[in-house]
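Peer 1:
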Amino acid sequence: MTNLEELIQEINRFEAIISEWDESQRCVAVGLKRAIEALHKAALTNLIKSLKQESMQALRHAVADELVYAVLLYHELVKPPKPPLSQRIQTALEEVRPGLKSHDGDVELVAIKPPDTVEVRLIGTCSSCPASTLTLSQGVEQAIKNHCPEITKVVAVNNSPAVKNANSSLISPFSAKITCTWMKVATLDEVPEFSVVAVQLAGTSLILHRQGVTVKCYRNACTHLGSPLEKGKVENGIITCPAHGFQYKLETGKCLTVPDVSLQSYPVKIKDDKVFVKLQK
């Protein structure tokens with residue numbers, strides 16, 4: 001039996017048999033397996049060291065064999081193949097897209113410039129938002145560097161004109177359905193003074209904060225990458241985004257971290273101790 005797939009099937013067959021044994025029997029089998037694996041790994045490690053000293057070409061030839069490579073990979077004596085750089089960059093961009101799209105923004109790959117530079121383009125409201133520099137450095141750049149350690153420079157180029165202002169980008173796509181309609185979201189007692197509470201309205205996540213009998217309502221999304229604010233620490237009327245540390249004054253929604261940026265606010269009215277909010281276009 002020399003085919004790798006057949007060998008793996010045989011191993012799986014024995015593992016299935018062992019899985020039906022009682023715990024004490026399985027422990028003996030697992031212990032034996034680990035001892036044999038440790039012995040094989042030690043022997044393979046010594047073999048690799050000897051081949052490196054005598055003939056790197058012979059070592060490369062051996063690793064090229066499918067069966068040899070599979071065993072060395074199992075024992076973590078060779079590194080798994082890396083996906084192409086362009087694929088890893090796209091994976092990184094996909095990680096940050098949900099946050100960007102929550103603000104009607106996006107990012108696209110423009111160019112890869114070996115050996116260490118990537119050019120990207122921030123699209124939509126992200127291109128002109130006052131927080132775009134932090135969006136690039138803390139969001140896009142960090143994601144790319146996590147997936148591609150060989151990249152040390154991420155540059156934003158040729159930003160497109162913004163199609164909306166920063167605040168309009170935060171309005172829910174569902175808001176048109178309930179324009180000019182006040183909807184109850186909570187009672188006054190349910191809205192805390194020293195923290196925030198999250199509520200859902202027509203598919204939009206909101207946070208409420210009370211100051212005496214005055215209630216403020218904002219979209220539950222940091223202006224940086226759209227991270228939820230509901231679990232942020234509130235102290236002295238200031239909420240801190242739990243994801244990246246952006247701070248906002250709950251009385252006004254103004255961002256204290258980046259000038260000229262504010263949370264998207266919504267009109268609130270109180271009637272008979274009930275809190276009503278209106279989503280607008």
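So that you can map any letter, position 10 of the sequence shown is 10 in full-length UniProt numbering, and since no number is skipped, the others follow by simple counting. The beta-carbon is built from N, C-alpha and C at its ideal position, and this holds for glycine as well.
Grouping DSSP H, G and I as helix and E and B as strand, with all else coil, what is Lys231?
Peer 2: Sequence index remark: in the sequence shown, residue 231 carries index 231 (1-based). Reduced to three states, the DSSP call for Lys231 is coil.
Peer 1: Can you tell me which of Lys145, Cys222, Ile270 puts its alpha carbon nearest to the alpha carbon of Trp182?
Peer 2: Here residue 182 refers to the residue found at position 182 of the sequence shown. Closest by alpha carbon: Ile270.
Peer 1: Are the CB atoms of Leu206 and Val277 within a distance shorter than 9 Å?
Peer 2: As a working note, residue 277 is residue 277 in the sequence shown. As a working note, residue 206 is residue 206 in the sequence shown. Yes, they are a contact pair.
Peer 1: Does the Cβ of Thr252 have 16 or more other Cβ atoms within 10 Å, making it buried, or fewer, making it exposed?
Peer 2: Here residue 252 corresponds to residue number 252 of the sequence shown, with the count starting at 1. Exposed.
Peer 1: Arg60 to Asp106, Cα distance in whole Å?
Peer 2: Residue numbering aside, residue 60 sits at position 60 when the sequence shown is read from its first letter. Residue numbering aside, residue 106 sits at position 106 when the sequence shown is read from its first letter. About 43 Å.
Peer 1: Could you tell me which residues DSSP pairs with Glu119 in its beta bridges?
Peer 2: Looking up residue 119 in the sequence shown gives position 119. Answer by DSSP bridge pairing, in chain order: Ala111, Val155.
Peer 1: Quick one: what's Met183 bridged to in DSSP?
Peer 2: Sequence index remark: in the sequence shown, residue 183 carries index 183 (1-based). Beta-bridge pairing links Met183 to Val277.
Peer 1: Ordered along the chain, which non-local residues of its own chain (more than five positions away) have a Cβ less than 6 Å from that of His147?
Peer 2: Position 147 of the sequence shown, counted from the start, is the residue given in the question as residue 147. So the list reads Arg88, Thr91, Ala92, once near-sequence residues are dropped.
Peer 1: Per DSSP, what kind of secondary structure is Thr204 in: helix, strand or coil?
Peer 2: Sequence index remark: in the sequence shown, residue 204 carries index 204 (1-based). Strand.
Peer 1: Express the C-alpha separation of Asp104 and Ile112 in angstroms, rounding to a whole number.
Peer 2: Taking the first residue of the sequence shown as position 1, residue 112 is located at position 112. Taking the first residue of the sequence shown as position 1, residue 104 is located at position 104. Their Cα atoms are separated by approximately 25 Å.
Peer 1: Over what stretch of residues does the beta strand (DSSP E) that includes Gln247 continue unbroken?
Peer 2: In the sequence shown, the residue the question calls residue 247 occupies position 247. That run of the beta strand (DSSP E) goes 247-249.
Peer 1: DSSP on His209, reduced to helix/strand/coil?
Peer 2: Here residue 209 is taken as the residue at index 209 of the sequence shown, counted from 1. His209: strand per DSSP, three-state reduction.
Peer 1: First and last residue of the alpha helix (DSSP H) that includes Thr45?
Peer 2: Residue mapping note: residue 45 aligns to position 45 of the sequence shown, counting from 1. Run containing Thr45: 23-54, per the alpha helix (DSSP H) assignment.
Peer 1: Between Glu235, Val213, Leu208, which lies nearest to Pro228 when the distance is taken from Cα to Cα?
Peer 2: Position 228 of the sequence shown holds residue 228. Closest by alpha carbon: Leu208.
Peer 1: So, helix, strand or coil for Ser175, using DSSP?
Peer 2: Counted from its first residue, the sequence shown places residue 175 at position 175. Residue placement at Ser175 is flagged as unreliable, the pLDDT there being 36, under the threshold of 50; the coordinate-derived value follows with that caveat. Of the three classes helix, strand and coil, the one that applies to Ser175 here is helix, per DSSP.
Peer 1: When you compare only the Cα positions, how much space is there between Leu188 and Glu95?
Peer 2: Here residue 188 refers to the residue found at position 188 when the sequence shown is read from its first residue. Here residue 95 refers to the residue found at position 95 when the sequence shown is read from its first residue. Straight-line Cα distance between these residues: approximately 38 Å.
Peer 1: Quick test of your reading: Ser102 and Ala29, contact by CB under 8 Å. State the CB separation rounded to the nearest angstrom.
Peer 2: Sequence index remark: in the sequence shown, residue 102 carries index 102 (1-based). Sequence index remark: in the sequence shown, residue 29 carries index 29 (1-based). Not confirmed; about 51 Å, so no contact.
Peer 1: Based on the DSSP output, what are the partners of Val78 in its beta bridges?
Peer 2: Your numbering for residue 78 matches position 78 in the sequence shown. Paired residues: none, contrary to the question.
Peer 1: Report yes or no: do the region 67-76 and the region 40-54 share at least 3 C-beta pairs separated by less than 8 Å?
Peer 2: They touch, by the three-pair rule.
Peer 1: Since Arg219 sits in a beta bridge, which residues does DSSP pair it with?
Peer 2: Sequence index remark: in the sequence shown, residue 219 carries index 219 (1-based). According to DSSP, Arg219 bridges with Leu206.
Peer 1: Going by Cα to Cα distance, which pick from Val215, Val140, Val199, Thr204 is closest to Pro267?
Peer 2: Numbered from its first residue, the sequence shown carries residue 267 at position 267. If we check each option's Cα against that of Pro267, Val215 comes out closest.
Peer 1: Consult DSSP for Ala243 and reduce its assignment to one of helix, strand or coil.
Peer 2: Looking up residue 243 in the sequence shown gives position 243. Correct three-state label for Ala243: coil.
Peer 1: Tell me the residue span of the alpha helix (DSSP H) that contains Lys145.
Peer 2: Reading the sequence shown from its first residue, position 145 is the one you call residue 145. Per DSSP, Lys145 belongs to the alpha helix (DSSP H) from 142-147.
Peer 1: On the criterion of 16 or more Cβ atoms from any shown chain inside 10 Å, does Phe246 qualify as buried, or is it exposed?
Peer 2: Within the sequence shown, residue 246 is the residue found at index 246, counting from 1. Phe246 is buried by the Cβ-count criterion.
Peer 1: Quick check on the DSSP output: the beta strand (DSSP E) that includes Lys271 runs from which residue to which?
Peer 2: The sequence position of residue 271 within the sequence shown is 271, counting from 1. It spans 268-271 - the beta strand (DSSP E) in which Lys271 sits, taken as one unbroken run.
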